[in-house]
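Colleague:
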Amino acid sequence: MQEQELPLSLEVVGQAEASKHVEVRARVTGLIERQRYSEGEPVRAGDVLYQIERAPFEIALQQARAHLAQQQAQLEQARREHERLRPLAESQAVSRREADSAESALQLAQAAVAQAQAQVREAELNLSYTTVTAPIAGISGRSQKSEGALVNPGADSLLTTIAQVDPIWVRFALSETEAAQMRQGNGTQVSLTDARGASLLGVGKINFAATAVDTSLGTVSLRAEFANPRQQVLPGQFLKVHVTLGRTRGFLVPQSAVVQTEQGRMVWVVRDSQAQPTPIQTGGWSGSDWVVTGGLKAGDQVIVDNLMKLRPGVPVTTQAAPSEAN
1 MQEQELPLSL EVVGQAEASK HVEVRARVTG LIERQRYSEG EPVRAGDVLY QIERAPFEIA
61 LQQARAHLAQ QQAQLEQARR EHERLRPLAE SQAVSRREAD SAESALQLAQ AAVAQAQAQV
121 REAELNLSYT TVTAPIAGIS GRSQKSEGAL VNPGADSLLT TIAQVDPIWV RFALSETEAA
181 QMRQGNGTQV SLTDARGASL LGVGKINFAA TAVDTSLGTV SLRAEFANPR QQVLPGQFLK
241 VHVTLGRTRG FLVPQSAVVQ TEQGRMVWVV RDSQAQPTPI QTGGWSGSDW VVTGGLKAGD
301 QVIVDNLMKL RPGVPVTTQA APSEAN
């Protein structure tokens, strides 16, 4: 067995989540006239999802505009009256009280116009809210309201949801020691495999690491981001997350050769044609093999078969592994 420079990696379970998830809610009261999207299909930002009846809001806008016109006419009348009385007040042809009343009437008319303009803007907004659009691009959810249903902006305003799955986020956790190794490593890489071991989505990047350790579990929460243009991974899906922490020098030992004991991990090594238990230190995984960083030396022969039959000092006959024999 020869020491070599190896990628140091870990495998943990992670769960996918949407990079963005929004609830689409009604912002005005009215009947849904039409649902204009297909449930579960991709939508683009700005796509129309629902049409709420417009007629009541069109009438409200017309009324607001008419009220604004009325207030503007009254403002013009107040302005003319103010202009007419100003020179008369300067020459004291009218009382100060009349001049002050004209000034107040002008200011009140100006305030009334400002209020009417705000009411027009509010009516325009309410009319625009009857066309419910997608705030983000993503995968549309199940519709919570059917055509003809009465909706309102209260607690029961949810219409549907949209989840952005490209990019997709994957949440996972590492132990304190593993997280420390990741921080010390250079060029940390993250990849995914499904339950069958098939590679998914290429290499991702860590976009969040918690600043505190979960004291109940002794772990650090992390999140990685992956491009997901073909929607191979969906929110809620469980995946195997492979974290490459960097490179280290060590020995590759098959998983089947490593024994877990109360004192830690060990392997059986051939010394003087006899089996001897040897404690080891591991640094993670490389593929399906353990990376052994301590306890072995170059030239050691590690026993990989029939471990249940071994006892310290038992004579053994060695045979090179296929990769070594070739």
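First residue of the sequence shown? That's 1 in full-length UniProt numbering, and the numbers climb one at a time after it.
Quick reminder that beta carbons are idealized off the backbone N, C-alpha and C, glycines included.
None of these values were measured; they are calculated from a predicted model.
#1: At which residue ranges does the segment 174–251 contain complete alpha helix (DSSP H) runs of 4 or more residues, listed in the order of the chain?
#2: Tell me whether I168 is buried or exposed, calling it buried when 16 or more other Cβ atoms sit within 10 Å of its Cβ.
#3: Taking A180 as the reference, give the member of V243, E98, S273 with the closest Cα.
#4: Could you pull out every unbroken beta strand (DSSP E) segment of at least 3 residues lying fully inside the segment 1–51, listed in chain order?
#5: Suppose you measure from the CA of G294 to the CA of A210; what does that come to, to the nearest Å?
#6: Of the residues A105, Q74, V28, A69, which one's Cα is nearest the Cα of N85?
#7: If I measure Cβ to Cβ from Q250 and keep anything under 7 Å in the same chain, skipping five residues before and after, which residues do I get?
#8: Any contact of the segment 149–159 with the segment 18–33, i.e. 3+ C-beta pairs under 8 Å?
#9: Going by beta carbon distance, what residues of the same chain come within less than 6 Å of L127, once the five residues before and after it are set aside?
#10: What residues are listed by DSSP as bridge partners for F172?
#11: From the DSSP secondary-structure annotation, give me the bridge partner or partners of D289.
#12: Taking one C-beta from the segment 144–158 and one from the segment 61–77 each time, how about it: are there three or more such pairs within less than 8 Å?
#13: Could you pull out every residue in the same chain whose Cβ sits closer than 6 Å to the Cβ of E225, ignoring the five residues on either side in sequence?
#14: Can you tell me the Cβ-Cβ gap for D259 and L201, rounded? I've got them flagged as a contact below 8 Å.
#15: Does the segment 228–238 come within contact of the segment 268–281, defined as at least 3 CB pairs closer than 8 Å?
Modeller: On the basis of the supplied data:
#1: 176–184
#2: As a working note, residue 168 is residue 168 in the sequence shown. Under this definition I168 is a buried residue.
#3: Residue 180 sits at position 180 when you count from the first residue of the sequence shown. Nearest C-alpha to A180: V243.
#4: 4–25, 30–35
#5: Within the sequence shown, numbered from 1, the residue matching residue 294 stands at position 294. Within the sequence shown, numbered from 1, the residue matching residue 210 stands at position 210. Cα to Cα, G294 sits roughly 30 Å from A210.
#6: Locating residue 85 in the sequence shown gives position 85, counting from the first residue. Reading off the sequence, residue 85 comes out as Leu, not Asn. The shortest C-alpha separation from L85 is found at A105.
#7: For the purposes of this step, residue 250 is identified with residue 250 of the sequence shown, where counting begins at 1. One point to set straight first is that residue 250 is Gly, not Gln, in the sequence displayed. Cβ neighbours of G250 beyond the five flanking positions: E3, L6, G283, V291, V292, T293.
#8: yes
#9: Here residue 127 refers to the residue found at position 127 of the sequence shown. Here the set comprises F57, L61.
#10: As a working note, residue 172 is residue 172 in the sequence shown. Answer is L222, bridged to F172.
#11: Looking up residue 289 in the sequence shown gives position 289. Its beta-bridge partners are P254, S286.
#12: Taking a cut-off of 8 Å for Cβ pairs, the segment 144–158 and the segment 61–77 do not touch, as fewer than three such pairs fall below it.
#13: Position 225 of the sequence shown, counted from the first residue, corresponds to residue 225. In chain order, P167, W169, G204, K205, N207 place their CB closer than 6 Å to the CB of E225, counting only its own chain and leaving out the 5 sequence neighbours on each side.
#14: Residue numbering aside, residue 259 sits at position 259 when the sequence shown is read from its first letter. Residue numbering aside, residue 201 sits at position 201 when the sequence shown is read from its first letter. Residue identity check: residue 259 is Val in the sequence provided, not Asp. At roughly 35 Å, the Cβ-Cβ gap does not stay under 8 Å, so V259 and L201 are not in contact.
#15: no
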